[in-house]
Amino acid sequence: MEEAAAAAELESLQIDILRRISALESSILPESSSPSLPEDESQTVSRLSAILRSGGVKDFSFKRVAPDYYDWPLESRRDVLGASSVDHLGKSIVLVNTQASSNVLDCSDRNNSKYYVVVVQYTARFNADAVKNFLYTLNEGKIPKKRFNLRLAPEETSIELTGFEHNAVTCVGMKTSIPVILDEAIAKLKPDFFWLGGGEIDLKLGVRTSEFLDFVKPFVVPCS
4 MEEAAAAAEL
14 ESLQIDILRR
24 ISALESSILP
34 ESSSPSLPED
44 ESQTVSRLSA
54 ILRSGGVKDF
64 SFKRVAPDYY
74 DWPLESRRDV
84 LGASSVDHLG
94 KSIVLVNTQA
104 SSNVLDCSDR
114 NNSKYYVVVV
124 QYTARFNADA
134 VKNFLYTLNE
144 GKIPKKRFNL
154 RLAPEETSIE
164 LTGFEHNAVT
174 CVGMKTSIPV
184 ILDEAIAKLK
194 PDFFWLGGGE
204 IDLKLGVRTS
214 EFLDFVKPFV
224 VPCS
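With positions in the sequence shown counted from 1, the corresponding number in the working numbering is that position plus 3.
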């Protein structure tokens, strides 16, 4: 009887230890170790989630925000998204090379594309000259520097190319495969999880930077 009681007590102790280990593991795992989706999952969320998963991206999150989100200060946006800092808030903008040669009409050559999507921080000021110099060097000086003049694309062009409205643009699931340029400042953020547009005006996408880099394969350029 004593042996049975001792065995039962030992088993109970082992179960308790395992439970504590499990709780400890859960507490130290990243909060976004699996995709987080809004309760009112839309077709956009479903489509982009499938694209991300198929590209090997596991650590991402979609969050629905209020209609007046863009009237809020960056600190309030940071708080509602649970971002690590205001520097972790990014946006995707479509640029057009207004001085591209007449034979450059689309995005078939990512080194010399008519259009680019640049992902920058809200806290940063985009430096178009930095991208101009990068593209000139990328093409080994074979294309005159005057042939690179990146400007904000007209809104209707942006919508046509990406399929997303203003304030909804994201570089995931675009209608056109536009080359992406990621500001180096975002690539250096710690922790490496940042936020950008999610395909709808009131939808935001948070993603692990390292996985974003592997999937999107952007040019990483110091452009702010």
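Just so it is clear, CB atoms sit at the ideal spot from N, CA and C, and this is done for glycine as well. Remember, predicted model here, so these are calculated numbers, not experimental data.
Item, Value
"Does DSSP classify Phe167 as helix, strand or coil?", "coil"
"Would you identify the three-state DSSP class for Val219, choosing helix, strand or coil?", "helix"
"Measure the beta-carbon distance from Ala156 to Val99 and round it to whole angstroms, keeping in mind my assumption that it falls under 8 angstroms.", "4 angstroms"
"By Cβ distance, which residues of its chain are closer than 8 angstroms to Glu214, with the 5 residues on each side in sequence left out?", "Gly59, Val60, Lys61, Asp62 and Phe63"
"Taking a contact to mean a Cβ-Cβ separation below 8 angstroms, would you say Trp198 touches Leu92 in this structure?", "yes"
"In terms of residues, what are the limits of the beta strand (DSSP E) holding Lys141?", "Strictly speaking, residue 141 in this sequence is Leu, with Lys absent from that position. First-last for Leu141: Ala131 to Leu141, but that is the alpha helix (DSSP H), not the beta strand (DSSP E)."
"What residues in its chain sit with their C-beta under 7 angstroms from that of Arg128, if we drop five residues either side in the sequence?", "Ser227"
"Three or more C-beta pairs closer than 8 angstroms, one from the region 162 to 172 and one from the region 201 to 211: is that the case here?", "yes"
"How long is the line joining the alpha carbons of Arg80 and Ala188, rounded to whole angstroms?", "19 angstroms"
"List the endpoints of the continuous beta strand (DSSP E) containing Leu192.", "It is not in any beta strand (DSSP E) - Leu192 carries neither H nor E in the DSSP assignment."
"Could you check if Gln124 is buried or exposed, using at least 16 other CB atoms within 10 Å of its CB as the buried criterion?", "buried"
"Quick check: the Cα distance between Thr160 and Lys117, rounded to an integer number of angstroms?", "12 angstroms"
"At a cut-off of 7 angstroms, would you count Glu168 as near the ligand PLP, judging by its Cβ distance to the nearest heavy atom?", "The ligand PLP is not part of the structure shown, which contains no ligands of any sort."
"Return the residue from the list Lys220, Val210 and Phe222 that minimises the CA-CA distance to Gly85.", "Val210"
"Taking all protein chains shown into account, do 16 or more other C-beta atoms lie within 10 angstroms of the C-beta of Tyr119, making it buried, or fewer, making it exposed?", "buried"
"Starting from Asp82, trace the alpha helix (DSSP H) in both directions and tell me its first and last residue.", "Leu77 to Leu84"
"Taking buried to mean at least 16 other C-beta atoms within 10 Å of its own C-beta, is Lys135 buried or exposed?", "buried"
"Tell me which residues share the same chain as Thr55 and place their Cβ nearer than 6 angstroms to its Cβ, disregarding the 5 neighbours each side in the sequence.", "Note that residue 55 corresponds to Leu in the displayed sequence, not to Thr. Phe63, listed in sequence order."
"On the premise that Asp186 lies in contact with Val224, defined as a C-beta separation below 8 angstroms, what is that separation, rounded to the nearest angstrom?", "7 angstroms"
"Are the beta-carbon atoms belonging to Leu242 and Phe151 less than 8 angstroms from one another?", "The structure shown has nothing for residue 242, since the chain only spans 4 to 227."
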